[in-house]
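Undergrad: For the record, the sequence lines run as chains A and B.
The opening residue of the first sequence carries number 360 in the working numbering; numbering runs sequentially from there.
The opening residue of the second sequence carries number 5 in the working numbering; numbering runs sequentially from there.
For glycine and all other residues, C-beta sits at the position ideal for the given N, C-alpha and C.
Have a look at the structure that comes next, please.
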Amino acid sequence: MSKHTREKAQSRNEAFSKKVATRIWKENPCDDNPYITESALCHGYDLYELMEKCSFSDMFYLLFKGELPKPCESKLLETLMIALINPGPRHPATRAAMNAGIGKTMPVHILPIAMSILGGDYLGGGEIEPAMRFLRKQQKNDPALVAKTLLDDYDNGNSIAPGFGKRFGGIDVMSQHIIERLLLLSGNKPSLEWGQQFATALHSNSMGWLTTGVAAAVFCDLGFQPKAGGVLFQLLSAPGLVAHGLELNNKPITAMPYISDEDYVIEK
Amino acid sequence: MLSKSNLEEIQALDKNRNIIRSKTGGWRVGEGVYSHGYSMLDELVGKKSYFQIMILNATGKLVERNLADWIEAIYGCLSWPDPRIWCNQIGALAGESKTTAAAATTAGILAADSKMYGSYPVIEGATFIQSALKQFNNGLSVKDIIDNNIKSNRGKLKIMGYARPIANGDERIEAMERVTQELGFDKGSHLTLAYEIEEEIKQRFNDGMNINGYVTAFLSDHKFSAHEAYQLFSTLVASGVTACYLETLHKPSDSFLPLRCDDIEYNGVEPRSIE
Chain A
360 MSKHTREKAQ SRNEAFSKKV ATRIWKENPC DDNPYITESA LCHGYDLYEL MEKCSFSDMF
420 YLLFKGELPK PCESKLLETL MIALINPGPR HPATRAAMNA GIGKTMPVHI LPIAMSILGG
480 DYLGGGEIEP AMRFLRKQQK NDPALVAKTL LDDYDNGNSI APGFGKRFGG IDVMSQHIIE
540 RLLLLSGNKP SLEWGQQFAT ALHSNSMGWL TTGVAAAVFC DLGFQPKAGG VLFQLLSAPG
600 LVAHGLELNN KPITAMPYIS DEDYVIEK
Chain B
5 MLSKSNLEEI QALDKNRNII RSKTGGWRVG EGVYSHGYSM LDELVGKKSY FQIMILNATG
65 KLVERNLADW IEAIYGCLSW PDPRIWCNQI GALAGESKTT AAAATTAGIL AADSKMYGSY
125 PVIEGATFIQ SALKQFNNGL SVKDIIDNNI KSNRGKLKIM GYARPIANGD ERIEAMERVT
185 QELGFDKGSH LTLAYEIEEE IKQRFNDGMN INGYVTAFLS DHKFSAHEAY QLFSTLVASG
245 VTACYLETLH KPSDSFLPLR CDDIEYNGVE PRSIE
């Protein structure tokens with residue numbers, strides 16, 4: 360094999376920042392030790408004041424958006440947080456958490472394990488950004504017409520558009536019920552409203568909102584950026600995943616089904 | 005509300021309840037363990053190298069020992085104990101936080117599932133060279149391939165596998181060229197083209213191939229698809245991360261790059277009160 364001449368690698372001497380910068384958080388040092396924090400600001404608000412005057416969902420919104428929410432935004436986010444708090448014991452991410460739990464994995468590992476699975480493109484965080492981009496792009500179009508166009512091209516599979524489709528062969532009924540409740544809240548909700556018309560146009564084909572679409576629509580209406588959507592979805596669903604994992608952590612391995620050899624078929 | 009479900013789809017789901025059908029393999033208690041048709045304990049363990057078994061599990065292909073050794077050598081090229089590299093610094097911070105070694109290492113592995121470095125760009129690198137060879141065989145010149153890339157990237161050359169953050173040039177290629185020769189491999193059509201592309205880029209942009217470009221071209225010559233190539237490297241950075249973790253684990257807490265409050269530059273809004 361012929362030898363290729365190769366020059367020695369050289370540093371590009373890129374100008375790296377001397378300090379990391381943040382718009383989110385400022386820690387004020389105490390007078391006698393520059394490493395110890397005396398107080399902290401979140402987007403300009405004193406943490407101690409936030410502790411006294413804000414709800415957790417207000418604080419969550421402030422952290423990611425840089426401003427405190429209006430009452431209607433706060434209510435919409437908090438309602439979504441409750442709706443998404445547990446993907447349920449059949450979701451793959453929850454099942455991963457349960458496997459970690461029953462396998463006596465250290466409890467502090469349950470969350471990162473489950474979060475990795477909840478980052479997937481199916482029913483997970485990976486579907487939120489495309490769903491938010493779909494909703495933002497299509498909102499100017501007639502939802503019934505968009506549905507018709509997509510249905511004309513639909514072959515098979517669970518998804519007709521990011522965040523919309525079917526589960527187990529039918530409409531994901533609970534997502535539709537969640538949307539109905541979110542739509543009753545006050546405030547401007549263009550993505551939820553457009554999505555509802557779009558989902559309704561899909562119903563006759565056994566499709567509609569998926570949980571990921573619901574989350575994406577609310578994130579759009581609250582003004583979150585699509586890139587943040589997947590991570591926000593993971594955060595909102597984290598408590599339920601961990602709860603299920605912890606529930607099994609002290610139980611014997613026999614507390615979960617183990618597929619018998621007869622039901623484990625190795626196909627050639 | 006009804007779900008308007010299709011009964012046949014429910015029946016199809018029911019067929020998979022409480023049963024696993026695997027084309028990959030599995031364990032039969034008292035009988036053996038199988039992977040892609042091989043009895044692991046009879047035909048693989050002690051007879052094939054760990055990397056041959058790993059590659060079998062990652063791609064379904066049982067490769068020759070020299071190819072497995074070549075892939076193992078790449079792991080050595082991409083797992084450095086330098087905590088300035090992003091995934092490794094995560095390992096170091098894990099040591100600082102006194103996590104377990106597994107938590108530290110998996111966190112670093114996940115970090116290298118990045119669009120900029122580590123394992124994930126293998127998909128883009130392999131996709132590029134496989135597509136470039138098709139174009140080349142259809143009559144496009146190396147110059148055309150590069151010009152087309154520049155056109156599709158708003159006037160900027162952006163090919164995965166060429167150029168590299170932090171440094172210009174890649175000393176790992178030289179090491180791997182030596183390994184390639186020692187293990188008796190010839191240069192295939194993908195690698196030949198990769199060198200020609202590098203030559204053109206060197207002349208026009210004073211930049212070269214990086215290890216991704218070399219590895220993806222070599223593996224493409226050995227019939228790995230882009231995704232198979234990526235699957236070979238999911239734990240690529242692991243040992244370097246572990247090394248960086250151990251360094252800080254055994255040092256006092258708060259001693260790895262300690263930050264004063266004002267070492268973080270705050271450029272947000274001025275202090276304000278809740279109205």
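Which value, in whole angstroms, describes the spacing of the CA atoms of A:Thr613 and B:Trp31?
TA: So the alpha carbons of these two residues sit roughly 18 Å apart.
Undergrad: Quick check on A:Phe415: buried or exposed, where buried means 16 or more other Cβ atoms within 10 Å of its Cβ?
TA: It is exposed - the Cβ of A:Phe415 has fewer than 16 other Cβ atoms within 10 Å.
Undergrad: For the stretch 363-383 of chain A, enumerate the residues whose C-beta is nearer than 9 Å to any C-beta of chain B, in chain order.
TA: Answer set for the stretch 363-383 of chain A: His363, Arg365, Glu366, Lys367, Ala368, Gln369, Ser370, Arg371, Glu373, Ser376, Lys377, Lys378, Val379, Ala380, Thr381, Arg382 and Ile383.
Undergrad: Select from A:Gln497, A:Ala587, A:Thr438 and A:His603 the residue whose C-alpha is nearest the C-alpha of A:Glu539.
TA: Nearest option by C-alpha distance: A:Thr438.
Undergrad: Contact criterion: CB-CB distance below 8 Å. Does B:Asn61 meet it with respect to chain A?
TA: It does not: the Cβ of B:Asn61 has no partner Cβ on chain A nearer than 8 Å.
Undergrad: Residues in its own chain within less than 7 Å of A:Asp512 by CB, not counting five upstream and five downstream?
TA: So the list is empty, once near-sequence residues are dropped.
Undergrad: Rounding to the nearest angstrom, what Cα-Cα distance links B:Leu48 and B:Ala77 in this structure?
TA: Cα to Cα, the separation comes out at about 21 Å.
Undergrad: How about A:Pro428 and A:Tyr420: are their beta carbons less than 8 Å apart?
TA: Yes, Cβ-Cβ distance for A:Pro428 and A:Tyr420 is below 8 Å.
Undergrad: Is B:Met213 near B:Ala198, with beta carbons less than 8 Å apart?
TA: Yes, the pair counts as a contact, with Cβ atoms nearer than the cut-off.
Undergrad: By the three-class DSSP mapping on this structure, what secondary structure does A:Thr570 have?
TA: Helix, per DSSP.
Undergrad: So which of A:Ile618, A:Val379, A:Ala374 and A:Gln369 has the shortest CA-CA distance to B:Asp267?
TA: Closest option to B:Asp267, Cα to Cα, is A:Val379.
Undergrad: Nearest CA to the CA of A:Asp390: which residue from B:Glu269, B:Cys265 and B:Ala16?
TA: Looking at the Cα atoms, B:Cys265 is the closest of the given residues.
Undergrad: Say the cut is 7 Å; is the CB of B:Ile177 nearer than that to a heavy atom of the ligand FMN?
TA: The ligand FMN is absent from the structure shown, which contains no ligands of any kind.
Undergrad: Quick one: complete alpha helix (DSSP H) runs, 4+ long, within the stretch 464-534 of chain A?
TA: Qualifying alpha helix (DSSP H) stretches, in chain order: 466-477, 487-497 and 502-512.
Undergrad: Buried or exposed for A:His603, please, with buried defined as at least 16 other CB atoms from any protein chain shown within 10 angstroms of its CB.
TA: Burial call: buried.
Undergrad: Can you grab the Cα-Cα spacing for the pair B:Gly143 / B:Lys191, in whole Å?
TA: Those two C-alpha atoms are separated by around 21 Å.
Undergrad: What does DSSP give as the partner residue(s) for B:Arg276 in the beta ladder?
TA: Bridge partners of B:Arg276: A:Tyr404.
Undergrad: Return the bridge partner residues of B:Ala171 from the DSSP annotation.
TA: In the DSSP output, where bridge partners are listed per residue, B:Ala171 has A:Ser370.
Undergrad: Give the residues of chain A in contact with B:Asn271, contact being defined as C-beta atoms less than 9 Å apart.
TA: Result: Ala380, Thr381 and Arg382.
Undergrad: For the stretch 79-88 of chain B against the stretch 234-249 of chain B, are there 3 or more C-beta pairs whose distance is under 8 Å?
TA: Segments in contact, yes.
Undergrad: Any residues in the stretch 141-171 of chain B with a beta carbon nearer than 9 Å to a beta carbon of chain A? Which ones, in chain order?
TA: Residues Arg168, Pro169, Ile170 and Ala171.
Undergrad: Any beta-carbon of chain A closer than 8 Å to the one on B:Arg32?
TA: Yes, B:Arg32 lies at the interface with chain A (some Cβ there is under 8 Å from its Cβ).
Undergrad: Using a Cβ cut-off of 8 Å, pull out every chain B residue sitting near A:Val532, in sequence order please.
TA: Within chain B, the residues near A:Val532 are Met5, Leu6 and Ser7.
Undergrad: Closer than 9 Å between beta carbons: that is the criterion. Which residues of the stretch 93-124 of chain B meet it against chain A?
TA: Those would be Thr103, Thr104, Ala106, Ala107, Thr110, Ala111 and Leu114, in chain order.
Undergrad: Report the start-end ranges of each alpha helix (DSSP H) in the stretch 410-465 of chain A that is 4 residues or longer and not cut off at the edges.
TA: With a minimum length of 4 residues, the continuous alpha helix (DSSP H) runs that stay inside the stretch 410-465 of chain A are 415-424, 430-443 and 451-461.
Undergrad: Should the stretch 147-161 of chain B be called in touch with the stretch 35-50 of chain B, which here means at least 3 C-beta pairs below 8 Å?
TA: With a cut-off of 8 Å, the stretch 35-50 of chain B and the stretch 147-161 of chain B do not count as touching, because too few Cβ pairs lie within range.
Undergrad: Evaluate A:Gly483 with the Cβ neighbour count: other Cβ atoms within 10 Å of its Cβ, from every protein chain shown; 16 or more gives buried, anything less gives exposed.
TA: Looking at its Cβ environment, which holds 16 or more other Cβ atoms inside 10 Å, A:Gly483 is buried.
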